[in-house]
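Position 155 (the sequence shown) corresponds to 195 in our numbering; numbering is contiguous.
By construction, the Cβ of each residue, glycine as well, lies at the ideal position given by its N, Cα and C atoms.
The model shown is predicted, which means the values in this text are computed figures rather than measured ones.
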Amino acid sequence: MNAHRTLTLAAPAVLVIGIFMVVPLLVAVAYSFMTANPYGGVDMPLTLDAYVQFLFQRDFDDTLLFSWSYVIIILRSIYLAGLTTAICMILGFPVAWYLVCQGENRRRTLLFLVTLPFWINTLIRTYCWVLILRDEGLANGLLKAAGVISTPLPLLYNDASILLGLVYTFLPFMVLPIYSTLERIDPRLIEAAYDLYANRSAVFRRVIWPLAKPGALVGASLVFAPSLGSFLAPDLLGGGKKLLIGSLVQMQFTSSRNWPFGAALSILVTIAVLFIFVVRSTKAEEARL
């Protein structure tokens, strides 16, 4: 009876996951093995050309030559996603701790402010940074007014502006899981550590961080995965000067009209993310043992 009830309650969630996650993934896998239609879409026959294109390019005589082009794009994307995750962790943990230390009413207000960006479309929020960072934007205008600079600084269309956009977009995804775990820490554990003459550094390393680590890992997952595939920040704040994997996939389904290659890239990125998470989980389990 309990098993039947559990299955009944879980059925809607399983159905949603199956329709909106598993089915699109299976469609992407199928598309990746098909032939690109010059006008968009896919055709038969089945082929491995999309996966071959990832590592090789064809010479004039149809000879396959190894190419690092797409590998470099993926590595650059992983680097920026990892850096985004690290910065969000460094910024998000103190914010979450500050929230936990506040009174009930003030905490509720601050949590509302943390979640407020979710109410605004990501495209609008990202484009606001374009208006702030451009040569005639707010940042350069304030620096000129203060006499710090005489000519505009190149604040836009570089890796720093892309990183800024990614951190701004995904920081709340780091703050909220960490806050959730910090909120459940018994304050008496911290008081006991101080009673045993532990300094602040020792309390953080031996009490707070071990207990908050699960939330930090959840936050890292929620930040790393979407920032790896993000294309708004690279397009708007990077000016398309340096391709990231999200922009490259989007390009395959629009201007390049190479749907199989776009699907293959999506599958490869998914496999890379799953591999990173499996390695991380394995190491965490080994450390726990």
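Query                                                                                                                                                              : Result
Contact check, L276 vs Y167 under 8 Å by CB: the rounded distance?                                                                                                 : 6 Å
Kindly identify the DSSP beta-bridge partner or partners of D83.                                                                                                   : T75
Hey, is the stretch 187–205 in contact with the stretch 235–248, meaning 3+ C-beta pairs nearer than 8 Å?                                                          : no
Which whole-angstrom value is the C-beta distance of G259 and I202, which I expect to be below 8 Å?                                                                : Not confirmed; about 20 Å, so no contact.
Counting Cβ pairs, one atom from each stretch, are 3 or more of them under 8 Å apart for the stretch 217–232 and the stretch 137–149?                              : yes
Under 8 Å, with one C-beta from each stretch per pair, do the stretch 298–306 and the stretch 167–176 reach the 3-pair mark?                                       : no
Taking the C-alpha atoms as reference points, what is the distance between T125 and I316?                                                                          : 13 Å
Around the Cβ of S295, are there at least 16 other Cβ atoms within 10 angstroms (buried) or fewer (exposed)?                                                       : exposed
CA-CA distance, A50 and V56?                                                                                                                                       : 10 Å
Taking the beta carbon of V63 as the centre, do at least 16 other beta carbons fall within 10 Å, making it buried, or is it exposed?                               : exposed
Look up R45 in the DSSP assignment and give the residues it is bridged to.                                                                                         : Answer by DSSP bridge pairing: none, since R45 is not bridged.
Can the beta-carbon of V215 be found closer than 7 Å to that of A136?                                                                                              : yes
Smallest Cα separation from F271: which of S261, R228, K282?                                                                                                       : K282
What are the start and end residues of each continuous alpha helix (DSSP H) run of 4 or more residues lying completely inside the stretch 114–195, in chain order? : 144–155, 162–173, 178–185
Between which two residues does the alpha helix (DSSP H) harbouring R228 extend?                                                                                   : 227–235
Do L206 and S267 count as a contact pair if the criterion is CB distance below 7 Å?                                                                                : yes
Measuring only the C-alpha atoms, how far is P134 from E231?                                                                                                       : 19 Å
Along the alpha helix (DSSP H) that carries R98, what are the first and last residues, could you check?                                                            : That residue, R98, is in no alpha helix (DSSP H); its beta strand (DSSP E) goes 96–98.
L39 by DSSP, collapsed to three states: which one?                                                                                                                 : With the chain covering 41 to 329 only, the question about residue 39 has no answer from this structure.
In this structure, how does DSSP classify L268 when only helix, strand and coil are distinguished?                                                                 : helix
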